[in-house]
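Residue numbers (the numbering used here): 5 to 271.
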């Protein structure tokens with residue numbers, strides 16, 4: 005998939021922020037690096053003028069346009085106990101320092117798995133929105149969008165072959181679902197099915213635990229991220245000949261798309 009899709013806007017039918025008439029777009033909101041400013045601006049606006057460049061699929065580092073993602077895909081974003089959604093944590097210096105600490109630990113010859121798990125668990129249970137932002141920030145800082153998941157997987161060494169599931173992914177998946185973030189869910193699905201092996205537990209949890217609106221948006225986000233169909237990749241990874249749960253997963257996505265109460269506009 006070449007090129008980019010500009011200015012995707014998603015509003016749930018029952019979202020009080022949804023404008024009756026789509027107003028002029030704000031050209032200053034151009035990348036995920038401005039997520040924090042975007043979140044703060046939208047809190048004070050009766051309308052949500054968004055102009056976020058969608059992913060440029062021109063190359064590996066161009067995945068998501070190096071995080072040129074659209075926050076509107078995260079309609080119905082949940083908020084933390086501090087009344088902050090995940091985008092308000094983008095650019096938070098504390099989040100960046102946590103990312104640095106995780107990177108240092110995961111790069112160590114002898115990774116302290118208990119430390120990594122404790123950090124992720126604390127955020128997943130107490131502030132899932134912050135953990136969702138951390139996953140995106142980590143990818144922005146260190147490479148690909150799903151870099152945190154890949155680094156965790158690689159830290160398992162030979163035991164990581166075949167993509168066995170571990171607690172770290174439980175916490176990342178929990179945060180993605182609780183924060184209603186199609187971007188994070190799409191990242192999790194991509195990493196779980198990309199390359200050799202499949203983390204079927206992650207695919208199952210992300211698909212079954214997401215609500216219909218979020219899963220419908222995730223299918224769109226996945227397509228923009230990978231240039232492929234989510235259902236197509238599921239068919240490739242879960243072949244029914246070997247008893248895989250292909251039909252259950254596909255039916256879950258079908259039902260989400262049929263029931264989703266969202267608006268989608270691309271122009």
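Glycine included, every Cβ here is placed at the ideal spot set by N, Cα and C.
Taking the CA atoms as reference points, residue 135 sits about 14 Å from residue 104.
For residue 110, same chain residues with a beta-carbon under 6 Å away, outside a window of 5 residues either side, are 155 and 159 in chain order. The residue from 199, 170 and 151 with its alpha-carbon nearest to that of residue 188 is 151.
Following the DSSP letters along the chain, one finds residue 188 inside the alpha helix (DSSP H) bounded by residues 186 to 197. With a threshold of 16 other beta carbon atoms within 10 Å, residue 234 meets it and is buried. By the criterion of a C-beta distance shorter than 7 Å, residue 209 is surrounded in its chain by 177, once the five residues flanking it on both sides are discounted.
Here residue 168 is exposed, its C-beta having fewer than 16 other C-beta atoms within 10 Å. Taking a C-beta distance under 7 Å as the contact criterion, residue 153 and residue 195 qualify as a contact pair.
Excluding five sequence positions before and after residue 115, the CB atoms of its chain that fall closer than 7 Å to its own CB belong to 109 and 159, given in chain order.
The beta-carbon distance between residue 193 and residue 220, rounded to whole angstroms, is 14 Å. This is too long to meet the 8 Å contact definition.
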